[in-house]
Each structure stands twice: as structure tokens, then as C-alpha cells.
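K.L.:
The working numbering numbers the first residue of the sequence shown as 48 and each following residue consecutively.
Below is one structure. I have some questions about it.
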Amino acid sequence: MLHRLMVLVVVVCVAAPLLAETTFPSDPELNQLAHPHYYTWGLDWTPPADQALTKLTLTYRALENLDEPESADHLYTHLLPSAPTGVTVYDDQSAGYSDDFTNWGEETLLLGDYSHPDGSGSVDVVYEVPLRDGSGNPTPYLAWVADGNFGIGIDPDCLFVNGGIGVGVGGAVPEPSVALLGLSALGISGLLRRRKPT
Ligand SMILES: [Ca+2]
Ligand SMILES: [Ca+2]
Ligand SMILES: [Ca+2]
Numbered sequence: 048m049l050h051r052l053m054v055l056v057v058v059v060c061v062a063a064p065l066l067a068e069t070t071f072p073s074d075p076e077l078n079q080l081a082h083p084h085y086y087t088w089g090l091d092w093t094p095p096a097d098q099a100l101t102k103l104t105l106t107y108r109a110l111e112n113l114d115e116p117e118s119a120d121h122l123y124t125h126l127l128p129s130a131p132t133g134v135t136v137y138d139d140q141s142a143g144y145s146d147d148f149t150n151w152g153e154e155t156l157l158l159g160d161y162s163h164p165d166g167s168g169s170v171d172v173v174y175e176v177p178l179r180d181g182s183g184n185p186t187p188y189l190a191w192v193a194d195g196n197f198g199i200g201i202d203p204d205c206l207f208v209n210g211g212i213g214v215g216v217g218g219a220v221p222e223p224s225v226a227l228l229g230l231s232a233l234g235i236s237g238l239l240r241r242r243k244p245t
């Protein structure tokens with residue numbers, strides 16, 4: 048006796064958050080970070096209206112400390128609430144090893160005071176700034192970024208080279224509406240109702 052086999056297709060909708068990120072092209076002028084200088088990199092953008100920004104990420108790609116690296120060398124990196132568009136180069140105000148953003152005119156967030164491990168070659172270094180806390184409430188840094196201009200402040204105290212500095216700002220985008228999910232379900236249902244070939 049021939050039995051028909053009924054296949055039950057279960058469609059599971061997983062409520063995973065959809066993430067999106069705006070990335071900024073690296074500025075080649077920042078590939079060679081020289082000891083006698085410090086830098087600001089101002090970024091202008093239009094935050095997506097439909098996106099709840101949750102984090103900012105900065106990545107030094109293939110970062111390397113040249114010119115006799117030693118543990119006393121420092122690469123100070125800050126998030127700035129605002130900065131002139133593009134790269135601006137300043138002369139260090141103090142000789143030796145000292146973070147020149149300590150005397151910056153407005154509040155900054157120190158992302159890292161990096162020292163390159165001896166003999167480690169090039170490495171990727173990543174810093175992440177939460178723009179919202181675990182409950183979804185804004186951190187102070189959300190306003191710095193969401194007003195359309197923010198900056199990265201870098202004071203290399205030794206020669207640091209890199210293969211590009213990646214900056215990304217991202218967050219969750221709205222999940223599809225119930226109506227769209229409904230239409231999608233109808234579409235699947237229609238497919239399942241198609242007659243089987245004899
Ligand atoms: Ca410097
Ligand atoms: Ca300095
Ligand atoms: Ca700002």
C-alpha cells in the first residue's frame with residue numbers, strides 16, 4: 048500500500064537584530080604617524096535616520112612601531128566631540144613622551160595608550176566605544192557622534208606606521224514590520240500549495 052508522506056515545513060522566524068555600519072575611508076596622511084606631531088581627523092557624516100547607533104569602532108590595520116621600538120613608546124588615541132574636517136597636523140607641545148591631548152581645549156575620550164610589544168611585527172589594534180549602554184540608553188558619546196561631526200585624535204610618541212585606520216559607526220536597524228512578515232508568510236504558503244507533479 049502506497050502511503051503518502053506529508054512533509055511539515057516549519058518556518059522559524061528568529062528575531063536576530065539586523066546590524067548596519069557606516070564606514071569612513073582611511074586617510075593616507077595618517078599611515079605614517081610621526082613622533083614630533085599629533086593629529087586630528089575630523090569626520091563629517093549624516094547619521095541614518097532609521098538606525099539606533101550603538102557603537103563606534105576604530106581599527107589600526109597592520110600597526111607597527113618603527114625606529115627602535117621600546118616599551119616607553121606610546122600611541123595615544125582619543126575620540127573627540129568635534130574636529131575640523133579632514134586631517135590637521137600639529138606640533139607636539141612637549142618633548143619626549145606625553146599625551147598632547149591632555150591639554151586639548153575640550154573633553155576627549157582616551158581610547159587607548161598603546162605600546163607595541165617588542166618584536167611583534169605588525170598587528171591590528173581595535174578600540175570600541177559604546178554609544179548606548181546595555182539598557183539602550185545613550186552614553187555621553189552618542190551625542191558627540193550623532194550631531195554629524197566627530198574626530199579622532201592621535202598623538203604618536205615614536206614613529207608608528209599602519210596600513211589604514213578604519214572607523215565605523217553602527218547599530219541596529221528596525222526589524223521588518225508585522226505586515227511584511229505576513230506577506231512573506233503568504234508567499235511561502237502559496238509555494239507550498241503548488242501541485243506536485245504526477
Ligand atoms: Ca607626538
Ligand atoms: Ca606627545
Ligand atoms: Ca560632534
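In this text, a Cβ means the ideal position worked out from N, Cα and C, and glycines have one as well.
Predicted model, so just to flag it, every value in this text is computed and none were measured.
Where does L66 sit, in a helix, a strand or coil, going by DSSP?
P.N.:
Strand at L66.
K.L.:
Whole angstroms is fine: what's the gap from R179's alpha carbon to H84's?
P.N.:
Near 33 angstroms, if we compare the C-alpha coordinates of H84 and R179.
K.L.:
CB-CB under 8 angstroms to L66, same chain, minus the five flanking residues each way: which ones, in chain order?
P.N.:
For L66, where only same-chain residues beyond five positions count, the Cβ hits under 8 angstroms are G217, G218, A219, V220.
K.L.:
Could you check the C-alpha separation between S73 and S182 for me, to the nearest Å?
P.N.:
Their backbone Cα atoms lie some 32 angstroms apart in a straight line.
K.L.:
Could you tell me how far apart the beta carbons of T124 and I201 are, in whole angstroms, since I believe they sit closer than 8 angstroms?
P.N.:
Between I201 and T124 the Cβ distance is about 6 angstroms, and since that is below 8 angstroms, they are a contact.
K.L.:
Grouping DSSP H, G and I as helix and E and B as strand, with all else coil, what is T106?
P.N.:
In this structure, T106 counts as strand in the three-state DSSP scheme.
K.L.:
For a test of your reading of the model: does the CB of Y85 fall under 7 angstroms from any non-hydrogen atom of ligand 1? Yes or no.
P.N.:
Yes, the Cβ of Y85 comes within 7 angstroms of a heavy atom of ligand 1.
K.L.:
Quick check: is any heavy atom of ligand 2 less than 7 angstroms from the C-beta of D202?
P.N.:
Because some heavy atom of ligand 2 lies under 7 angstroms away, the Cβ of D202 counts as near it: yes.
K.L.:
My parser needs the beta strand (DSSP E) runs of 3 or more residues fully inside the region 85-161; what are they?
P.N.:
Correct list: 99-113, 121-127, 133-138, 156-161.
K.L.:
Per DSSP, what kind of secondary structure is P187 in: helix, strand or coil?
P.N.:
Note: P187 maps to helix in three-state DSSP.
K.L.:
Quick check: does the Cβ of D194 come within less than 7 angstroms of any heavy atom belonging to ligand 3?
P.N.:
Answer for D194: yes, Cβ within range of ligand 3.
K.L.:
So what does E175 bridge to, in DSSP terms?
P.N.:
The partner list for E175 (beta bridge, DSSP) reads T104.
K.L.:
Check whether the region 206-217 touches the region 137-154, taking contact to mean three or more Cβ pairs, one atom from each stretch, closer than 8 angstroms.
P.N.:
The region 206-217, when compared against the region 137-154, does not touch it at the 8 angstroms Cβ threshold.
K.L.:
Compute the Euclidean distance between the alpha carbons of E154 and W88, then round it to the nearest angstrom.
P.N.:
Rounded to the nearest angstrom, the two C-alpha atoms are 16 angstroms apart.
K.L.:
To the nearest angstrom, how far is it from the Cα of P128 to the Cα of G215?
P.N.:
Cα to Cα, P128 sits roughly 16 angstroms from G215.
K.L.:
In or out: P164 buried (at least 16 other Cβ within 10 Å) or exposed?
P.N.:
The residue is exposed, with fewer than 16 neighbouring Cβ atoms inside 10 Å.
K.L.:
In three-state terms, what does DSSP make of P203?
P.N.:
P203: strand per DSSP, three-state reduction.
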